Amino acid sequence: MRSVAESGGLLDDPSSEDQYRPLSAQEEDELFDDSAEEESDEQQGAANQKKKHTLKERGQLRSEVQALRARSQNEEHNKKKRKAHDDRTRRDKNIKKLKKSETGLRDGWDQPVDDTDNTSAWDDSGWPASSSHKRSFSRGSVMSISSGPAPTSVPVSEDGVTSDNEPLGGISDSDEKEESRKGANVKVCDAEESGLITHDHQHQSLAKVVPTTDVPDFVSPQRFIPRPIRRRQEIRTSKDIPAAIKDDFDNIFCPKLHEIFAVETPWGSIYDYETQIHNLWAQVFPKVAFGSGEGGMKRIVMKLADDRLGAWRTRIGKAALDYMSEDLEFPEDTPEYISKWCKWALSGTYKARPFYWREYVDASPDGSQPRVRRGMFQHPLILVGLGHHLNRVSDLPANQRSKQHPQTALIMAIQAALRAISRWTSGKFLEVPRPYGDFSGENWNDLDGRNPKSFPQFPEGVIQGPTSVSDLTRVVKALSDENWRLILQAAAPFALGRKKKAKQAPIPTPHASSKGPDSSDVEIVDDDLQA
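Under this note's numbering, read the sequence shown as residues 36 to 566, first letter to last.
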């Protein structure tokens, strides 16, 4: 197709006259057709409009893209959560819950057993009747004898202990019960049709339990079988100690356990005393195994002993706090006087603080009045803690008590008194947040490696120094037998408790004490002994 410029050139060129020919109709249409230019203009306008639209809607499009991306990520996260939940649900369904049941021999265990087939295909327990002996599973029974075939599976609780409450064979599962019932019923019907099952006679069991009567001191095994193993925090005395030994456990074993606490290393853990507890158990209960194996009581006994150790320490500390707050009398009941007295009582060193003595009078500056110190470790704030220990062992007969002085109990009573006084150094009771306010080994044991920057700044005595127990041990070991006689005699009335008046507390008799070689530089002064 010729352009307009080319056509114009032909008309203007005189030399082209001989070659001129008229244009055909098609050529004329093509020559004067503007559709191509209009289409090009429309495309250019659309492109310009598109650019203008993109600039205008850019923020909205960005928001839509971000929303789509966030929704996609959220859906992926929810998908993972659903998958984890489904996995956990499937895993939980396979765990048998712990079921509680009684222990011991079922009623009538010593009678002959006659197993009778029922006329129906199913008995009350859900087991199909069989041609041989019917399976007999007694709820809560320790001994269940059956001459039938062994079950294919045994339900197991979550801590690995076989449950006595579940029938064996898997029929108890709710989602499989109907199918199992139908399958077993078909087998029974087939056996009846073949003549293998009849219902017109009884079968005598080949197994028979005969009670032991020829041993005079025989004790039924039911009396010593502990409950199924439970989590440590679920162990309780009333449920986990066999009934046959519970009285001796409360009245003999536990008081002697407190005697162990009172003479062994202060602030030790219960496992520091494991050997002593094992020996004590063998002494009190020689016929009951202490070991950790099957039938052993170690796990239960150590947990119960740990509970009593914590309670024993806590109540010694609480006794001093309560006495300081409610019973200790001052000449002037004002914050100023209480603050002055507390600071004076804590003065001195660990070898001789004024609150150690029942009566302490400073010497006058002019020398006319000498210093008076009577009743070493007989201040009521100390005796009230020691009295709690004496109350714990008061049920023991005199011939069964320990021959050792309760040195550890006295050390902890002294620490409890120091802690109570330090709470009142401002004239008002100071609430110390936990764990700094606890009467525990973390605060009151020897802590040479403790970083002072990790602890807040409290008044003196709120938290003991780095060698608190070692220092007091040196002083207590220097006490003579006569010192101990006076201390225990003074503490005996406090064993009654603040609200107990009817019970007469025993007065301990003096026994030989052991002086450590590291107490040679400690001087015990008591004017009562020198009078």
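Ideal placement from N, C-alpha and C gives every residue a C-beta, glycine not left out.
Being a predicted model, the structure only gives us computed values, none of them experimental.
Own chain residues within Cβ distance below 8 Å of residue i, not counting five before or after
i, result
"R126", "none"
"K378", "T460"
"A317", "F325"
"E309", "M337"
"T349", "F474"
"D283", "V319, F320"
"Q299", "Before going on, a small fix: residue 299 reads as Glu here, not Gln. These residues qualify, in order along the chain: D307, Y308, Q311, T443."
"K114", "none"
Residue range of the beta strand (DSSP E) that includes residue i
i, result
"M447", "It is not in any beta strand (DSSP E) - M447 instead sits in the alpha helix (DSSP H) that spans 442 to 457."
"G625", "Residue 625 lies beyond the residue range present for the chain, which begins at 36 and ends at 566; the question has no answer from this structure."
"E466", "First-last for E466: undefined, no H or E at that position."
"V419", "V419 -> not in any beta strand (DSSP E); alpha helix (DSSP H) instead, spanning 415 to 427."
"E567", "For the chain, the structure presents residues 36 to 566; residue 567 sits outside this window and is missing."
"G476", "Premise fails: G476 lies in the alpha helix (DSSP H), 476 to 479, not in any beta strand (DSSP E)."
"V407", "407 to 411"
Beta-carbon contacts of residue i that lie in its chain and below 6 Å, excluding the five residues immediately before and after
i, result
"F259", "Residue placement at F259 is flagged as unreliable, the pLDDT there being 46, under the threshold of 50; the coordinate-derived value follows with that caveat. Here the set comprises P277, V323."
"V511", "Q442, L445, I446"
"N426", "A530"
"S505", "D481"
"K536", "Because the pLDDT of K536 is 36, which lies under 50, any placement of that residue in the model is unreliable, and the question is left without a value."
"L465", "R458"
"S107", "none"
"L356", "A455"
Nonlocal neighbours in the same chain, by C-beta distance under 7 Å from residue i, ignoring five residues either side
i, result
"Y358", "P415, L416, V419"
"E394", "V407, R409, G410"
"K463", "P370"
"Q539", "Bear in mind that the predicted position of Q539 carries a pLDDT of just 34, short of 50, making it unreliable; the figure below should be weighed with that in mind. Same-chain partners within the cutoff: there are none."
"V221", "Residue confidence is low: V221 scores 48 on pLDDT, short of 50, so the model does not pin down where it sits. No coordinate-derived value is stated."
"H313", "F325"
Check whether residue i and residue j have beta carbons under 8 Å apart
i, j, result
"V467", "E294", "no"
"L507", "I559", "no"
"M337", "I305", "yes"
"L381", "S457", "yes"
"L292", "L315", "yes"
"P405", "A398", "yes"
"I335", "A448", "no"
"F296", "V319", "no"
"H440", "W376", "no"
"P290", "L431", "yes"
N- and C-terminal bounds of the alpha helix (DSSP H) containing residue i
i, result
"R509", "503 to 512"
"V319", "309 to 319"
"R520", "516 to 526"
"C279", "The question names Cys, yet the displayed sequence has Ala at residue 279. Start and end: 278 to 283."
"P290", "289 to 298"
"Y385", "From DSSP, Y385 is part of no alpha helix (DSSP H); its letter is neither H nor E."
"E371", "370 to 380"
Do three or more CB pairs link the segment 445 to 459 to the segment 404 to 424 at distances below 8 Å?
yes
Tell me, please, whether the segment 467 to 475 touches the segment 344 to 355 by the rule of three or more beta-carbon pairs shorter than 8 Å.
yes
Three or more C-beta pairs under 8 Å: does that hold for the segment 420 to 428 against the segment 517 to 530?
yes
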